[in-house]
Every structure is written in C-alpha cells, then in structure tokens.
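> With my numbering applied, the sequence shown covers 17 to 668. Ideal Cβ placement from N, Cα and C applies to all residues, glycine included. Have a look at this one.
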Amino acid sequence: MTFQHLLYMLIGVSVGLVIGVIPGLGGIAGLSLLMPFLYGMDEVTALAMLIGLVAVIPTSDTFSSVLMGIPGSSASQATVLDGFPLARQGQAARALSAAFISSMFGGVFGAIVLTGFVVIARPLILSFGSAELFMLALFGLSMVAVLAGRSLAKGLAACCLGLIIGSIGGAPATGEFRLIFGMEYLYDGIPLVVIGLGLFAIPEIADLLRKNSSISQGNALGSGWFQGFLDWWKNIWLSTRCAGLGCIIGAIPGLGGSVVDWIAYGHAVQTVKKDPQFGKGDIRGVIAPESANNAMQGGALLPTMLFGIPGSGAMAVFLGGMVLLGIEPGPAMVGADLNVTYSVIWSLALANVMGAGICLLLAIPISRLTQIPFQRLAPFMIALICFAAFQATRSLADLVALIVLGVLGVLLKRFGWPRPALLIGYVLAPQAETYFYQALQFYDWGFVTRPGVIIIGLMTLASVYFGLRNRVDETGHVVPATDDAPDAANPALRRPQILFAVLVAALLALSLADSLQLSFLGKIFPLSVAVIGLVMSAILIPQLWRGETGHHSHHDGELTGEHVGQAGMGTLWGGLGWIGGLVVGTAAVGFYAAMLVFFPAFLRVRAKAGWLATILMTASAAIFIAVLANALSLNFPAGYLQDYADLPWPFR
C-alpha cells in the first residue's frame, strides 16, 4: 500500500489500458514493452507494474469488443456475441459498465481464491497429468454443442474445420508438416490473432460499412453505468460461477484465456432459463465471459509462480520478468518468498479495482463513439486491425491470411455457420492432439480408467446433453423443435449455400488427402477430424438441396437479413474491397506509405469527408501508428518498392 508501489501499479494499469483498447495486441505486447524498464527496480514494485498491466488488459479490451465488434484480445472474443448487439441497440454504456463491474469482481474473486489456495494448490495442480488435460480439452470442445447454431451438422462441420486449421504446421508427435503447401508462413500454423480478427472483425466492418450509418441504431446511449451495475447484481450468482470457472481453467497450464471466455459463455447459455436472448444482445452474455477472463489471470499465476510453468503467452513473458528480477519460481514461493507471493496476489486485486474504476469513468464518453458515422471510424479500425494482424509474425503474409480468413468469416456469417464453433476447434486443436499423444505414451489406453479422466468425462457428457437442449441459433434464440428458419421460398436461391457447403467439404477432403501421406502418429488426428467433418457435410448438403422451405439448415443473410429491402444499402464485399486495397498497397509500397494513401482515398471517396477533416484524420492516424510502432520497436511489412529503395523509418 506504499505510494511508490501504487504509483508503479498505476503506470502498469495505464499502459495496459492503452494496449487493451487497441485490438489484437494483448498482454504479450504490453509486457514486452515494459520489460526494458525492470532493470534496477525493487522486485515487488516491478512486479506491481507488470501485474497492473496483466490485470487490466482483459478489462480494457472490452471497449473494442463491445463498441466495434472487434475482439480486443483472445480473451474477449465471446463478449462480442452480445456486447456488440447491445451497442448497436444504443446500450453501449450499459454493456461496458456491466462488463467492467464483472471484470473487477472476477479479478478480486481470483485474488481471494489465490489467497486461500496458494499453499494447498500445489498437490492439486500436480495431480493433473496429460490424460486429464486431454479430457479438459474435450470439455472445452463440448461447448460446441451449445454454440453449434440452428443446424448441428453445420456446427460440427465448422468445429472440424477449426480443428483442421489448428493442426496446420508441425505434428506434435512426429514433427511432420501438414497442410503447408510449400508456404513458409504456414510452417508454424496460422496465429490466433489473425484467426480472431479475420473471423470476427472483418465481417462486422463489412456489415457496418454497407449500412452507411453509425454503430448504434438509437440516439440514446442507454441507461448508463448504473444500469450495468444493476444487471451485474441481478446475475451475481452467474458471475460468481463463471469467476470460479475462470480460476480453475487459468490454473491449468495450456488452456488459458483463449478458451475460458467460451466455456463461461457456454455455461451461461446452458443455465439461463429466463428469456434468453443470447447472440442478440443479452447482458448475461457479457457478464459471464468478463467475470471469467479476469479471474483466469489469478488462476494462471498459480502454475507460473509455483512451478515456473506459464499458463498462457502473457504468463510466459511475466515469468521472464520474474527471472529478470532475480525471483525464482518454485516451492520457495510458498515458503521463504511467501511475502512476495501475497504481494503479487493483492496487487492483482488492487489493479483490477483500479482498472475497472478508470474504465467505468471512461465508459459513457467512449461509448459515444458508437454514434459517429461508421464511415469516419472505419479507416482507423481497418488500419488498427492490419497493424494488430502483422504483430503476429511481422510479415506481409499475416495481412494476406487476414484477408483470406476475412472472406471465410463473411461467408460463414452469411450462411449461418457458427464462427465460435470454428474458433473453439482452432484453439483446442494443438492441446487436444498433444495431450492425447502424451496420454497414450505414458498410460496406454488405460488412461481412460483414471479417476480424474472419468470425472471430467462425465462433466463433458453433461455439458453436451445440456448444450444440445439449449442450443442457440443465428438470431440468439434457443433452437426450436420445429423447422422455422428464415428462408427463401424459391429452392434455386439456395445454390450459394450449397456451393459454400461443397467448398467446406472440399477443404476437409484436401486435409484428408494430405494426412494420408503421413505416418500413423502424424495423420491420425487430422484424418479422424476430416472424416467426421465429411460425414457432417454429407448430412448437410442433401438438407440444403432437398430440404423443405424453413428447414433448420437453411440460412442466407443476403436473402433474409434485416437489411433486405432497405434503401441505401451497399454490397457485401465493398468493405472487404477497401481492406484488400490496403493490403495490395502494402505489398507494393509498404504499410506506412500505403496507409497515407488509403486514409485520404477512403475518407474522400467512401466517407465523403471534406479536405480539412481528411487531412486532420490522416495526420492523427499517421502520428499514432508511428508512435506505437516506435514504442514496440516494429518495422512495418516491406513492399516491392522498399526492396529497391533505401527509405527512412517509418516507411521501412
């Protein structure tokens, strides 16, 4: 509670707020930014600064998730499903305040749990072997049951496609490379940040641009932060359960923030009975994941401090910071260094209160962004998305992958394929495959008789059972027993749906053919997934072809969406065309130079802005991106021109 300690914690919180607001950067970039400043600092004070940043990012990343429909980080992807619809209904302030209160509660809850369990958690964590970790990965996959959409065949096929994308690169057991097609970029797989932005951010930007309006569809910002607090208080038991889930999942190395919000969201959908509107703007769909992802940070500190095993990428950098300060993780953290451990734990609680308080103060003014015409915001969002995407490997290939996945995301959204199911498959693919091989290696098939495996298996079966009973469709309603999907009366208009399903089946068949060339241990996982996906496609395609009007598998947003028949609507691909133009410009002249051309072109042609506004906004974006890149020591992706000219920074 010293002034110096709180001051450095505030510095960490402030950096975390900025990093969290920028989509796609996340804790790894923020911690890396603070690392050079640790030399010579007092160990507890330095840890307070790092903890301040780690604690607040799952809070501040809510801004872009709610206001723009762009996941601020991998831990806030589920928040988009209900937070963004609330913002479009003019209730952005309510959604943000509920999220911040939930985040603060989850962070403090995680610290309290850590306080009580830091001594007794060691044997509990050590009892989890590869067999139990494999079953936990399956438990995460069971969330697909509730997020599978109106058509279970579509949901499972999308999950299989995600598992295939997640298996691109080296096989864990043999090191053989799969589905790389001679492209160097694919040797390490496609980064998570590119997947998340491509599937969720690009489709929302394309959808908003075609409507030529602000994000919010109403003039009011909602009932403000106090209504959000009341919403959280009414659902405090749900928040407590999800915070508990977050602590448990965070304490298990390898799962981390990429999946905790989906498990919490799935739990909310399974358990909420009163007037569920999930996916359409249900405040409980914001409270659940936001309670879990902050509590997860507390859980993730357990294996990091006690065993030196980071539970996530951000915790890996945090572990490096501990070593840099001369703190050795291990049993001493619950012995001689117990005072340091408790300082870290309660710094986490204070940082969550501090961060949530600052965000609450900013919630209403920042939520006014939703009333600005989106054409004025779009170039900033597009530039930030591209900036965040090439943080993954810092190459032009990141932007190409972003466009390809953006096209896939637009098509998935148009035809009612559940994007969360695909994302869950992608996130859990490496863990499920690795732990399955390890379980077989260590225990043979006898691992299925281990008590922990049986308990988690029963939990998974229960999750599937309740998930199938409470599955939500593309509009956020619980799937009805009868076929009443919004559909076109003319069967000939279903051809685009059928062609897309055939394309997905072709991708799965390509994976099957590729896996047949590998050794048994290298091919068994992608081969099994591809076969299941092809079986689902074989069920789905006849349903699309011959199913009667209103069949549960039918969905085409271009025929039945809310925009149909409204005046002034643009095309589905207009927004993607502008993003593609920026990528092409980057390939030609480099990102920074392309951005200086992209901004005035977009603002003048698409947003119809005046010259003064265009110059001011372009200059603001150029300065902001240059300062951010300098802070991160980032060289932008080079273009064709830069290969033949020695240009000064930031043009290189």
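(1) May I have the straight-line CA-CA distance separating G432 from L438, to the nearest angstrom?
(2) Determine the burial state of A445: buried for a count of at least 16 other Cβ atoms within 10 Å of its Cβ, exposed for fewer.
(3) Would you report the Cα separation of A504 and A546, rounded to the nearest angstrom?
(4) How do the region 144-164 and the region 408-422 stand: do at least 3 beta-carbon pairs fall below 8 angstroms, yes or no?
(5) For Q93, which residues from the same chain have a beta carbon less than 7 angstroms from its beta carbon, with the 5 sequence-adjacent residues on both sides left out?
(6) Have a look at K624, L33, A62, I35 and flag the residue whose alpha-carbon is nearest the alpha-carbon of G342.
(7) Quick one: using the 10 Å Cβ neighbour count with 16 as the cut-off for buried, is M17 buried or exposed?
(8) Where does P434 fall in DSSP's three states?
(9) Determine, using beta carbons only, whether G566 and D499 come nearer to each other than 7 angstroms.
(10) Note down, in chain order, each residue of its chain lying with its Cβ closer than 6 angstroms to the Cβ of V605, except the 5 sequence neighbours on either side.
(11) I believe I299 touches S255 by the beta-carbon criterion, under 8 angstroms. Please report the beta-carbon distance rounded to the nearest angstrom.
(12) If you compare alpha carbons, which of G549, S527, I548, L550 is closest to K539?
(13) Put F652 into one of helix, strand or coil per three-state DSSP.
(14) Answer yes if the region 105-124 comes into contact with the region 73-84, meaning at least three C-beta pairs across the two stretches below 8 angstroms, and no otherwise.
(15) Which partner residues of R194 appear in the DSSP bridge assignment?
(16) Buried or exposed for Y451, going by 16 or more other Cβ atoms inside 10 Å?
(17) Just to check my reading of the structure: L97 and G295 have Cβ atoms closer than 8 angstroms, yes? What is that Cβ distance to the nearest angstrom?
(18) Using a 10 Å radius around the Cβ and a threshold of 16 neighbouring Cβ atoms, would you call W627 buried or exposed?
(19) So which of K624, N646, I374 has the shortest CA-CA distance to S30?
(20) Are three or more beta carbon pairs between the region 395-403 and the region 631-642 nearer than 8 angstroms?
(21) So, is T465 buried or exposed, given that buried needs 16 or more other C-beta atoms within 10 angstroms?
(22) Indicate whether the contact test is met: 3 or more Cβ pairs, each with one atom in the region 119-133 and one in the region 300-320, closer than 8 angstroms.
(23) State buried or exposed for P542, treating a residue as buried only when at least 16 other CB atoms are found within 10 Å of its CB.
(24) Nearest-angstrom Cα distance between T587 and I221?
(25) Buried or exposed: F334, going by 16 or more other Cβ atoms within 10 Å of its Cβ?
(26) Which class does S76 belong to by DSSP, given the choice of helix, strand or coil?
(27) Excluding the five sequence neighbours on either side, which residues of its own chain have a C-beta within less than 6 angstroms of the C-beta of T280, listed in chain order?
(28) Starting from P87, follow the alpha helix (DSSP H) in both directions and report where the run begins and ends.
(29) By how many angstroms is the C-alpha of G106 removed from the C-alpha of L237?
(30) State the Cα-Cα distance for the pair M331 and T190, rounded to the nearest angstrom.
(31) Excluding the 5 residues flanking C176 on each side, which residues of the same chain have their C-beta closer than 6 angstroms to its C-beta?
(32) Could you tell me if A352 is buried or exposed, where buried requires 16 or more neighbouring beta carbons within 10 angstroms of its beta carbon?
(33) Since A169 contacts I555 with CB under 8 angstroms, what's their CB separation in whole angstroms?
(34) What separation, rounded to the nearest whole angstrom, lies between the Cα atoms of V285 and V426?
Put simply:
(1) The count along the sequence shown starts at 1 and reaches residue 432 at position 416. The count along the sequence shown starts at 1 and reaches residue 438 at position 422. If I take the Cα positions, the gap works out to 12 angstroms.
(2) Along the sequence shown, read from residue 1 onward, the residue named residue 445 stands at position 429. Buried.
(3) Numbered from its first residue, the sequence shown carries residue 504 at position 488. Numbered from its first residue, the sequence shown carries residue 546 at position 530. Rounded to whole angstroms, A504 to A546 spans 31 angstroms at the Cα level.
(4) no
(5) Locating residue 93 in the sequence shown gives position 77, counting from the first residue. Answer for Q93: P87, G212, F216, D277, L439, listed in chain order.
(6) To locate residue 342, count along the sequence shown from 1; it is residue 326. Checked all of K624, L33, A62, I35; the closest Cα to G342 is A62.
(7) Residue mapping note: residue 17 aligns to position 1 of the sequence shown, counting from 1. By the 10 Å Cβ count, M17 comes out exposed.
(8) Working through the sequence shown from its first residue, we reach residue 434 at position 418. Residue state, collapsed to three classes: coil.
(9) Taking the first residue of the sequence shown as 1, we reach residue 566 at position 550. Taking the first residue of the sequence shown as 1, we reach residue 499 at position 483. Going by C-beta atoms, G566 is nearer than 7 angstroms to D499.
(10) Locating residue 605 in the sequence shown gives position 589, counting from the first residue. Closer than 6 angstroms at the Cβ level, and outside the excluded window around V605, lie G655, L657.
(11) In the sequence shown, residue 299 corresponds to position 283, counting from 1. In the sequence shown, residue 255 corresponds to position 239, counting from 1. About 11 angstroms; that fails the 8 angstroms criterion.
(12) Within the sequence shown, the letter at position 523 stands for residue 539. Ranking G549, S527, I548, L550 by Cα distance to K539 puts S527 first.
(13) The sequence position of residue 652 within the sequence shown is 636, counting from 1. Note: F652 maps to coil in three-state DSSP.
(14) They touch, by the three-pair rule.
(15) As a working note, residue 194 is residue 178 in the sequence shown. DSSP lists G185 as partners of R194.
(16) If you number the sequence shown from 1, residue 451 lands on position 435. Per the 10 Å Cβ criterion, buried.
(17) Indexing the sequence shown from 1 puts residue 97 at position 81. Indexing the sequence shown from 1 puts residue 295 at position 279. Correct: roughly 5 angstroms between the Cβ atoms.
(18) Looking up residue 627 in the sequence shown gives position 611. The residue in question, W627, is exposed, as its Cβ has fewer than 16 Cβ neighbours within 10 Å.
(19) Along the sequence shown, read from residue 1 onward, the residue named residue 30 stands at position 14. Shortest Cα-Cα distance from S30 to any of K624, N646, I374 involves I374.
(20) Yes, they touch.
(21) One-based indexing of the sequence shown puts residue 465 at position 449. Burial call: exposed.
(22) Because the criterion of three Cβ pairs below 8 angstroms is met, the region 119-133 and the region 300-320 touch.
(23) Counting from one through the sequence shown, the residue named residue 542 turns up at place 526. Residue environment for P542: buried (at least 16 other C-beta atoms within 10 angstroms of its C-beta).
(24) Taking the sequence shown and counting its residues from 1, the one referred to as residue 587 is at position 571. Taking the sequence shown and counting its residues from 1, the one referred to as residue 221 is at position 205. C-alpha separation (whole angstroms): 12 angstroms.
(25) Reading the sequence shown from its first residue, position 318 is the one you call residue 334. Buried.
(26) By 1-based counting over the sequence shown, the position of residue 76 is 60. S76: helix per DSSP, three-state reduction.
(27) Residue 280 sits at position 264 when you count from the first residue of the sequence shown. The sequence as given places Ala at residue 280; Thr does not occur at that position. Excluding positions up to five away in sequence, the list reads C258, L261, A304, P305, A308.
(28) The residue you call residue 87 lines up with position 71 of the sequence shown. Looking at the DSSP string, P87 is not in any alpha helix (DSSP H), and its letter there is neither H nor E.
(29) The count along the sequence shown starts at 1 and reaches residue 237 at position 221. The count along the sequence shown starts at 1 and reaches residue 106 at position 90. For L237, the pLDDT reaches just 49, beneath the cut-off of 50, and the residue's location in the model is therefore unreliable, leaving the point undetermined.
(30) Numbered from its first residue, the sequence shown carries residue 331 at position 315. Numbered from its first residue, the sequence shown carries residue 190 at position 174. Cα-Cα distance, rounded: 27 angstroms.
(31) Start at 1 with the first residue of the sequence shown, and residue 176 comes out as number 160. Taken in chain order, the residues that qualify are V545, I548, G549.
(32) As a working note, residue 352 is residue 336 in the sequence shown. Counting Cβ neighbours within 10 Å, A352 comes out exposed, since fewer than 16 surround it.
(33) Position 153 of the sequence shown, counting from 1, holds the residue named residue 169. Position 539 of the sequence shown, counting from 1, holds the residue named residue 555. Contact holds; Cβ gap of about 5 angstroms.
(34) As a position in the sequence shown, residue 285 is number 269, starting the count at 1. As a position in the sequence shown, residue 426 is number 410, starting the count at 1. Cα-Cα distance, rounded: 25 angstroms.
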